[in-house]
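This report refers to the structure that appears directly beneath it.
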Amino acid sequence: MSEAPLAGQDAAPLAEDLVVLDSVNKHFGALHVLQDINLTIRRGEVVVVIGPSGSGKSTLCRTINRLETIDSGTITIDGEPLPEEGKALARLRADVGMVFQSFNLFAHKTVLQNVMLGQIKVRRRNKAAAAEKARTLLDRVGVADQAEKYPAQLSGGQQQRVAIARALAMEPKVMLFDEPTSALDPEMINEVLEAMQQLAREGMTMVVVTHEMGFARSAANRVVFMADGRIVEEAEPHQFFDNPRSDRAKDFLSKIL
Ligand code: ADP
Ligand code: MG
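Note that full-length UniProt numbering has the sequence shown beginning at 1, numbered continuously upward.
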C-alpha cells in the first residue's frame, strides 16, 4: 500500500489524491448544509471528521458515494468525476465502501450470504470465490465462527464487524464510516474500533465520522472539524486536540473531553 505524503497540499491534483471535493455546496431547501467544502483525501490516509450534531458530517459522507446529489462544485474519486447513474454509479458505490451507524445487514440472509451478495451481483464473482473471500474477511474482523448465523443472532459489535467485512469484500478504494460505534453498547465499541485500526494499519484509505476521540488521536492522519456546514479547521490530531485554533473547535472540545 502507498504511503500518504503530507506535503504538496495546494498543488494540482496528484495521483495520491484519491477523493477530491472542490467547492462543494449542498442545500436541503433553505438549509445550506454543505458550504463551499474543499477537501482532499490522499491514498492511504485516515481522515477523521468530527463536529457537533447537525454540522453536515453525514451529508458529507453521503455525497462522496452519491447517496446525496450536490448543487455545485465537483467531487472526483481516483481522478474520475462522480457518475450520475447506471452502471458507472453502481461501480462507484462498490469502490466507495460505507459503514453506517445502523448495521444495515440483510436480516433474512446469513452472515456469510451478506458478505457474498455484493461480490456476486456487482463484482461478478462466482459463488465459490465469493464464499472464500467472505470467510477470509470474516476471519479478519474476528467473526468467522458466526458465518452461518443470521444477523439478529449476533451482538451489535459483531454485526458491525460483519458490515465492515461486507464493504471490504467489494475491494473498495476508500471506506467511509459514519459513526460506526454510536449505536453500540460501550463494551462493544472497542472491538469495532480495533477492526478499523487494523484496516488503517493495512493502508486502507478511510474517512471516519466519529465521537471516539481516542481513535481519532491514534488512527487519524488528519482531523477535519466541521460546524454549520463548513470545514472550520483541519489539522494533525495532536495539533487539533492539544492546540485547536478556532473558538468553535475549542468550545466543542471543552464539551466532549
Ligand atoms: P451530522 O451528521 O453532522 O449530524 P447531517 O449531515 O446529518 O449532520 O445533517 C446536517 C443538517 O442537514 C441537519 O440540520 C439535518 O437536520 C439536515 N438534513 C440532513 N438530511 C436531510 C434531509 N434528507 N432533508 C432535510 N434536511 C436534512
Ligand atoms: Mg450524522
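Cβ coordinates follow ideal geometry from the N, Cα and C atoms, glycine included. No experiment lies behind these values; they were computed from the predicted model shown.
Quiz item: Comparing alpha-carbon positions, which option in Pro52, Ile50 and Ala88 lies nearest Arg66?
Solution: The count along the sequence shown starts at 1 and reaches residue 66 at position 66. Relative to the Cα of Arg66, the nearest Cα in the group Pro52, Ile50 and Ala88 belongs to Ala88.
Practice problem: Would you kindly work out how many angstroms separate the C-alpha atoms of Arg245 and Lys255, rounded to a whole number? | Solution: Sequence index remark: in the sequence shown, residue 245 carries index 245 (1-based). Sequence index remark: in the sequence shown, residue 255 carries index 255 (1-based). The straight-line gap from Cα to Cα measures roughly 16 Å.
Quiz item: What's the call for Ala128, buried or exposed, on a 16-neighbour Cβ count within 10 Å?
Solution: Translated into positions along the sequence shown, residue 128 becomes position 128. Under this definition Ala128 is an exposed residue.
Quiz item: Is the Cβ-Cβ distance between Thr69 and Val20 less than 7 Å?
Solution: Walking along the sequence shown from the start, residue 69 turns up at place 69. Walking along the sequence shown from the start, residue 20 turns up at place 20. It is not a contact, given that the beta carbons lie outside the stated cut-off.
Exercise. Would you mind working out which of Val99, Glu132 and Leu60 sits nearest Met196, comparing C-alpha positions?
Key: As a first step, residue 196 must be located in the sequence shown, where it is residue number 196. Looking at the Cα atoms, Val99 is the closest of the given residues.
Quiz prompt | Distance between beta carbons of Val46 and Leu60, contact taken as under 8 Å | solution = Translated into positions along the sequence shown, residue 60 becomes position 60. Translated into positions along the sequence shown, residue 46 becomes position 46. Actually they are not in contact, since the Cβ atoms of Leu60 and Val46 sit about 16 Å apart, beyond 8 Å.
Quiz item: Start and end of the beta strand (DSSP E) containing His108?
Solution: Residue numbering aside, residue 108 sits at position 108 when the sequence shown is read from its first letter. Looking at the DSSP string, His108 is not in any beta strand (DSSP E), and its letter there is neither H nor E.
Quiz item: By how many angstroms is the C-alpha of Leu39 removed from the C-alpha of Pro180?
Solution: Here the question's residue 180 lines up with position 180 in the sequence shown. Here the question's residue 39 lines up with position 39 in the sequence shown. Computed Cα separation, rounded: 21 Å.
Quiz item: Using a threshold of 6 Å, is the CB atom of Lys57 nearer than that to any non-hydrogen atom of the ligand MG?
Solution: Taking the sequence shown and counting its residues from 1, one reaches residue 57 at position 57. Yes; taking the cut-off as 6 Å, the Cβ of Lys57 has a heavy atom of the ligand MG nearer than that.
Quiz item: Taking 6 Å as the line, does the beta carbon of Ser155 fall inside it for any heavy atom of the ligand ADP?
Solution: As a first step, residue 155 must be located in the sequence shown, where it is residue number 155. Remark: the shortest separation between the CB of Ser155 and any heavy atom of the ligand ADP does not fall under 6 Å.
Quiz item: Which two residues bound the contiguous alpha helix (DSSP H) that contains Arg230?
Solution: Taking the sequence shown and counting its residues from 1, the one referred to as residue 230 is at position 230. From DSSP, Arg230 is part of no alpha helix (DSSP H) but of the beta strand (DSSP E) over Arg230 to Ala235.
Quiz item: Using the C-alpha atoms, what's the distance from Leu199 back to Ala147?
Solution: Your numbering for residue 147 matches position 147 in the sequence shown. Your numbering for residue 199 matches position 199 in the sequence shown. Computed Cα separation, rounded: 20 Å.
Quiz item: How many angstroms separate the CA atom of Glu202 from the CA atom of Ala219?
Solution: In the sequence shown, residue 202 corresponds to position 202, counting from 1. In the sequence shown, residue 219 corresponds to position 219, counting from 1. Cα to Cα, the separation comes out at about 12 Å.
Quiz item: How big is the Cα-Cα spacing for Lys133 and Arg161?
Solution: Taking the sequence shown and counting its residues from 1, one reaches residue 133 at position 133. Taking the sequence shown and counting its residues from 1, one reaches residue 161 at position 161. Spanning the two alpha carbons is a distance of roughly 15 Å.
Quiz prompt | Those residues which DSSP pairs with Arg42 across a bridge | solution = Your numbering for residue 42 matches position 42 in the sequence shown. Beta-bridge partners of Arg42 (DSSP): Asp17.
Self-check item: Cβ pair Ile164, Val143 closer than 7 Å
Solution: The sequence position of residue 164 within the sequence shown is 164, counting from 1. The sequence position of residue 143 within the sequence shown is 143, counting from 1. Cβ distance not < 7 Å, so Ile164 and Val143 don't count as in contact.
Practice problem: Note the first and the last residue of the continuous alpha helix (DSSP H) segment covering Asp178. | Solution: For the purposes of this step, residue 178 is identified with residue 178 of the sequence shown, where counting begins at 1. Unbroken run through Asp178 is the beta strand (DSSP E), Val174 to Asp178; no alpha helix (DSSP H).
Quiz item: Closest by CA to Ala183, which one among Phe225, Gly56, Gln101 and Thr210?
Solution: Position 183 of the sequence shown, counting from 1, holds the residue named residue 183. The residue with the shortest Cα to Cα distance from Ala183 is Gln101.
Self-check item: Counterpart residues of Ala222 in DSSP-defined beta bridges
Solution: Translated into positions along the sequence shown, residue 222 becomes position 222. According to the sequence provided, residue 222 is Arg. The question's Ala does not apply to it. According to DSSP, which records beta bridges pairwise, Arg222 is partnered with Val47.
Quiz prompt | DSSP three-state assignment for Arg202, whether helix, strand or coil | solution = The residue labelled residue 202 in the question sits at position 202 within the sequence shown. First, the residue type needs correcting, since residue 202 is Glu and not Arg in the sequence shown. Glu202 falls in the coil class under three-state DSSP.
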